[in-house]
Amino acid sequence: MRIVVGITGASGTILGQRLVEELAKLKHEVHLIVSHGAEEVAKYEESVPFEKTKKLAKRVYDDCDMAAPVSSSSYKIDAMVVCPCSMKTLSAIANGYAENLISRAAENCLKMNWKLVVVPRDTPLSLPTIENMRKLKEAGAIILPPNLAFYNKPKTIDDTINFVVGKVLDCLDIKHNLYKKWGEQ
Ligand SMILES: Cc1cc2nc3c(=O)[nH]c(=O)nc-3n(C[C@H](O)[C@H](O)[C@H](O)COP(=O)(O)O)c2cc1C
Numbered sequence: 004m005r006i007v008v009g010i011t012g013a014s015g016t017i018l019g020q021r022l023v024e025e026l027a028k029l030k031h032e033v034h035l036i037v038s039h040g041a042e043e044v045a046k047y048e049e050s051v052p053f054e055k056t057k058k059l060a061k062r063v064y065d066d067c068d069m070a071a072p073v074s075s076s077s078y079k080i081d082a083m084v085v086c087p088c089s090m091k092t093l094s095a096i097a098n099g100y101a102e103n104l105i106s107r108a109a110e111n112c113l114k115m116n117w118k119l120v121v122v123p124r125d126t127p128l129s130l131p132t133i134e135n136m137r138k139l140k141e142a143g144a145i146i147l148p149p150n151l152a153f154y155n156k157p158k159t160i161d162d163t164i165n166f167v168v169g170k171v172l173d174c175l176d177i178k179h180n181l182y183k184k185w186g187e188q
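Take 4 as the starting number for the sequence shown in our numbering and just add one per residue.
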């Protein structure tokens with residue numbers, strides 16, 4: 004599958020990085036956009052160097068590059084995931100404010116009915132954010148907050164990261180072994 008991954012400046016850039024690792028391992032064609040906010044946030048968190056993540060992608064674009072192939076809906080993709088998604092980018096996508104490549108590529112998904120999975124991270128949530136999530140859901144996106152779960156008995160932070168990334172892969176109908184599904188324990 005040809006999958007666009009947008010990593011934005013919400014806490015947990017490692018989630019998007021692990022997603023890219025898994026997609027690359029499973030031989031999917033990753034087109035990666037890392038926002039400037041994501042690069043900033045990663046400085047404060049335990050994460051993998053972005054250089055390493057970028058090497059796993061087939062193509063890497065600057066978030067300001069509005070002439071990139073994925074800026075146009077004539078460039079067919081199978082799906083896009085914004086992981087993690089900041090409240091700013093969530094708002095941009097929900098309101099059609101395509102001022103950078105991530106929000107523009109996401110807008111193309113909504114225009115073309117291509118699968119769009121958004122992983123919004125913030126807590127607590129403001130009313131405008133809740134409204135933006137509702138709008139995006141109505142527009143056809145899948146909203147997948149990186150919520151904790153305990154039924155899979157996580158022992159490490161890695162288990163928690165894998166659970167979220169596994170949930171994203173479930174939405175893309177991609178088989179994985181990142182967590183044991185209910186009924187398969
Ligand atoms: C350390 C750090 C953590 C942040 N965590 C979040 C977060 O969890 N959620 C969020 O919406 N914004 C968070 N922000 C703010 C965003 O990075 C900021 O709004 C940025 O403009 C988002 O831009 P982008 O969506 O283009 O990456 C954080 C900023 C910093 C410096």
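Think of the CB as a built atom: it goes at the ideal place given N, C-alpha and C, for glycine as much as any other residue. Keep in mind that this is a model prediction, so the values were computed, not measured.
What residue range does the alpha helix (DSSP H) around residue i cover?
{"i": "Met83", "result": "Element bounds for Met83: not the alpha helix (DSSP H) but the beta strand (DSSP E), Ala82 to Cys88."}
{"i": "Ile17", "result": "Thr16 to Lys28"}
Determine the DSSP secondary structure at residue i, reduced to helix, strand or coil.
{"i": "Lys118", "result": "strand"}
{"i": "Leu172", "result": "helix"}
{"i": "Glu187", "result": "coil"}
{"i": "His34", "result": "strand"}
{"i": "Gly143", "result": "coil"}
{"i": "Pro123", "result": "strand"}
{"i": "Lys158", "result": "coil"}
{"i": "Phe166", "result": "helix"}
{"i": "Gly99", "result": "coil"}
{"i": "Lys178", "result": "coil"}
{"i": "Asn150", "result": "coil"}
{"i": "Leu128", "result": "coil"}
Less than 7 Å between the beta carbons of residue i and residue j, yes or no?
{"i": "Gly40", "j": "Gly9", "result": "no"}
Distance, Cα to Cα, residue i vs residue j?
{"i": "Tyr78", "j": "Arg137", "result": "28 Å"}
{"i": "Ser74", "j": "Lys118", "result": "16 Å"}
{"i": "Asp81", "j": "Pro127", "result": "32 Å"}
{"i": "Glu141", "j": "Ala95", "result": "15 Å"}
{"i": "Leu172", "j": "Lys184", "result": "12 Å"}
For the beta strand (DSSP E) containing residue i, name the first residue and the last one.
{"i": "Ile10", "result": "Arg5 to Ile10"}
At which residue ranges does the segment 43-78 contain complete beta strand (DSSP E) runs of 3 or more residues, listed in the order of the chain? 62-65
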